[in-house]
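One point on numbering: in UniProt numbering, the residue at position 160 of the sequence shown is 160, and numbering is uninterrupted.
First the structure, in the form of structure tokens, and then the observations on it.
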Amino acid sequence: MLLLAASLTTPALGDWEELEPVPDDFKVGAGAAITYGDGKIWGLFPTPDSEETYIAYYVLTQGRWYLPDSPCVATEILENTAITWQWLEGGVLFIAGIEGDDYDMLYWHVQSSGAWNEVEIEDFNLGPGASIAYRPNPDLAPLYPIPGWLYCLAGGSREFWRYTIPTALEDQTVDGIHPGEGAVIADKTPNFIWPEVSGASQYRLLVAGNVNFGACQVDIYTAATSYQATSALGNGDHYWKVGAWSDLGGWTWSDVHSFELQAGWTRLADIPTTVNDGGALVYAKRPEFGERLYAFVGGDTTCFYRYGISAGSWQADLSSGRQRTGSALATHSTDIRIYALLGEHSERHWHYRVTYPFGWRSGVSLLPDSLGPGASLAFDPVGRCLYLIVGEDSNGNPRNDFYRIAAPGDYDEDGEGGGGQARSSRPTAGWARLVPAAGTVTVEYSLDAPAEVKATVTDAAGRVVATLCAGRQPRGAHRVTWNAEVAGYRVSAGVYFVLIDAGTAQARFKVVVR
Numbered sequence: 001m002l003l004l005a006a007s008l009t010t011p012a013l014g015d016w017e018e019l020e021p022v023p024d025d026f027k028v029g030a031g032a033a034i035t036y037g038d039g040k041i042w043g044l045f046p047t048p049d050s051e052e053t054y055i056a057y058y059v060l061t062q063g064r065w066y067l068p069d070s071p072c073v074a075t076e077i078l079e080n081t082a083i084t085w086q087w088l089e090g091g092v093l094f095i096a097g098i099e100g101d102d103y104d105m106l107y108w109h110v111q112s113s114g115a116w117n118e119v120e121i122e123d124f125n126l127g128p129g130a131s132i133a134y135r136p137n138p139d140l141a142p143l144y145p146i147p148g149w150l151y152c153l154a155g156g157s158r159e160f161w162r163y164t165i166p167t168a169l170e171d172q173t174v175d176g177i178h179p180g181e182g183a184v185i186a187d188k189t190p191n192f193i194w195p196e197v198s199g200a201s202q203y204r205l206l207v208a209g210n211v212n213f214g215a216c217q218v219d220i221y222t223a224a225t226s227y228q229a230t231s232a233l234g235n236g237d238h239y240w241k242v243g244a245w246s247d248l249g250g251w252t253w254s255d256v257h258s259f260e261l262q263a264g265w266t267r268l269a270d271i272p273t274t275v276n277d278g279g280a281l282v283y284a285k286r287p288e289f290g291e292r293l294y295a296f297v298g299g300d301t302t303c304f305y306r307y308g309i310s311a312g313s314w315q316a317d318l319s320s321g322r323q324r325t326g327s328a329l330a331t332h333s334t335d336i337r338i339y340a341l342l343g344e345h346s347e348r349h350w351h352y353r354v355t356y357p358f359g360w361r362s363g364v365s366l367l368p369d370s371l372g373p374g375a376s377l378a379f380d381p382v383g384r385c386l387y388l389i390v391g392e393d394s395n396g397n398p399r400n401d402f403y404r405i406a407a408p409g410d411y412d413e414d415g416e417g418g419g420g421q422a423r424s425s426r427p428t429a430g431w432a433r434l435v436p437a438a439g440t441v442t443v444e445y446s447l448d449a450p451a452e453v454k455a456t457v458t459d460a461a462g463r464v465v466a467t468l469c470a471g472r473q474p475r476g477a478h479r480v481t482w483n484a485e486v487a488g489y490r491v492s493a494g495v496y497f498v499l500i501d502a503g504t505a506q507a508r509f510k511v512v513v514r
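Here it is as structure tokens:
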């Protein structure tokens, strides 16, 4: 049986909508930040009342905040914080910040397992305006188990760094060994795995920086067919082989295997202007220009820079308004816009178009409240909405209010500036509705102009279970129907969501299958 619930429609363009606030146990003030990941808005909240720093997440399809099983990031108030989301390998939340007075730290939370990891940043110090952005590895494979890189504006300086991310997954053997022949890895203490040799009573593992195995970094004997290195290896090429001992035949040695280690932090070209409060960094990839990073430097400047990853250099882009405390940037890697807050004393959010016609535009509506330390912005690329926390007020009081606004579609220009006239092809309010029907879900919707439309069904965890339509549709009335089946089989009982995405507008409908 299908029970139809109320629609969860994206707000009309230009209207801020107040959502369920951040839980009262947390304080949205200095150091707070949000980011989008896997159908959720993830929040980082240093909380003075408990002298600890926590994370929580807001499930977009449910409109509610939740805590992970282990929400505590650190038993200190983190300062000079930054946050980003790794979307490969099931999702990983990265957080940078200063713990106590002396420890610059990088933390990561693996969504699939709930596990926390951390490493001290020893190569540089985090300062005001520190920011991190994730770049995915398009060549991720068992012989290249690096899910991507973190890029970091250190803050309080011009320093710019890159961190090679080790895999969060279990080691994958190739031809029975790990690291595989010719592999590139980021784990400084790799787990060596090799095949069992019949009749062998023990093994000897040798690891060296040269093929002659002089001055071995690892030289151990074991009865197992694996060994977890206990001392960190250095970056560069490494060679390894395994000897198998048999009482009848003595030592038999394997072929020599090689791998390259690319781990830790690498300093890149300095950004031209010192980063201060209001600094921000985002990653973008477009066929027109390849891979880039875009940055605010804050500090009441108007400097807006782009970093060409292939060129390895910074260039000045079109200046923004003045970037003060509470400034932020948000985008999806392939979106044509970068969305921005300009911090204290700003009245509207902004967006910068990275493809022609280039330029800055402001949102039409006023921000729902003033911005302060801890203000942050996140962009949901599926529902095409911006999510906002406003941070502290002018008296230093935290504010847990949480807001949403629809982002413009590919052809919308929802504000002023840039020399163009505002226009919109967004469907009018009430453009999609549920149609009661026995045993099925039917959604009718009307398009004011031709549009690319995709209709999907997701479960309560945000996983897509069915695609009802995908493609360009003409102006006029349309409908999609779902019979609660996938590949001819009835889905399990539970809560599902039907999403109609027309690019410039989205509508969500909750469905209960019993």
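From the three backbone atoms N, C-alpha and C, an ideal C-beta is built for every residue, glycine too.
Looking only at its own chain, which residues have a Cβ that is under 8 Å from the Cβ of residue i, when we skip the five neighbours before and after it?
i, result
"residue 302", "319, 320, 321, 322 and 323"
"residue 313", "269 and 307"
"residue 305", "271, 272, 273, 294, 295, 297, 314, 315, 316 and 317"
Given a threshold of 16 other Cβ atoms within 10 Å of its Cβ, counted over all protein chains shown, does residue i qualify as buried or as exposed?
i, result
"residue 75", "exposed"
"residue 525", "Because the chain spans 1 through 514 in this model, residue 525 falls outside it and cannot be assessed."
"residue 406", "buried"
"residue 253", "exposed"
"residue 469", "exposed"
"residue 99", "buried"
"residue 35", "buried"
"residue 182", "exposed"
"residue 164", "buried"
"residue 127", "buried"
"residue 49", "exposed"
"residue 15", "exposed"
"residue 249", "exposed"
"residue 474", "exposed"
Which same chain residues end up closer than 6 Å to residue i when comparing Cβ atoms and leaving out the 5 residues on each side of it in sequence?
i, result
"residue 517", "What the structure shows of the chain is the stretch from 1 to 514, and residue 517 is not part of that stretch, so it cannot be assessed."
"residue 291", "285 and 309"
"residue 30", "373 and 374"
"residue 222", "203"
"residue 439", "none"
"residue 123", "265"
"residue 299", "276"
"residue 178", "171 and 193"
"residue 260", "184 and 237"
Work out the CA separation of residue j and residue i for me, nearest whole Å.
i, j, result
"residue 425", "residue 400", "Residue placement at residue 425 is poorly supported in this model, since its pLDDT is 38, which falls under 50; the coordinates still yield a value, given next. If you take the alpha carbons of residue 425 and residue 400, they lie about 34 Å apart."
"residue 80", "residue 339", "21 Å"
"residue 251", "residue 262", "32 Å"
"residue 200", "residue 243", "9 Å"
"residue 40", "residue 311", "34 Å"
"residue 386", "residue 191", "42 Å"
"residue 85", "residue 37", "6 Å"
"residue 367", "residue 208", "59 Å"
"residue 446", "residue 82", "41 Å"
"residue 493", "residue 145", "37 Å"
"residue 136", "residue 150", "9 Å"
"residue 258", "residue 378", "42 Å"
"residue 140", "residue 185", "11 Å"
"residue 77", "residue 51", "6 Å"
"residue 361", "residue 341", "12 Å"
"residue 328", "residue 502", "27 Å"
"residue 117", "residue 24", "27 Å"
"residue 61", "residue 47", "27 Å"
Grab the span of the beta strand (DSSP E) containing residue i for me, first residue to last.
i, result
"residue 284", "279 to 286"
"residue 220", "218 to 222"
"residue 109", "103 to 110"
"residue 67", "Careful: residue 67 lies outside any beta strand (DSSP E) and carries neither H nor E."
"residue 460", "Note, residue 460: premise wrong, no beta strand (DSSP E); not H, not E."
"residue 444", "441 to 447"
"residue 506", "506 to 513"
"residue 252", "250 to 253"
"residue 238", "236 to 246"
"residue 50", "Unbroken run through residue 50: none, as it is neither H nor E."
"residue 380", "376 to 380"
Can you list, in chain order, the residues of its chain whose CB lies under 7 Å from that of residue i, leaving out five sequence neighbours each side?
i, result
"residue 89", "147, 167, 168 and 169"
"residue 232", "188 and 189"
"residue 355", "286, 288 and 336"
"residue 20", "63, 64, 65 and 402"
"residue 482", "440, 441, 457, 466, 468 and 498"
"residue 69", "114"
"residue 513", "2, 484, 491, 493, 494 and 496"
Taking 7 Å as the cut-off, does the CB of residue i come closer than this to any heavy atom belonging to the ligand FMN?
i, result
"residue 191", "Ligands in the displayed structure: none, and consequently the ligand FMN is not present."
Any C-beta of chain C sitting closer than 8 Å to the C-beta of residue i?
i, result
"residue 216", "Among the chains in the structure shown there is no chain C, since it carries only a single protein chain."
Meets three-Cβ-pair contact criterion under 8 Å: the stretch 124 to 139 and the stretch 91 to 111: yes
- request: For the stretch 51 to 58 and the stretch 338 to 355, state whether three or more C-beta atom pairs, one from each stretch, are separated by less than 8 Å.
  value: no
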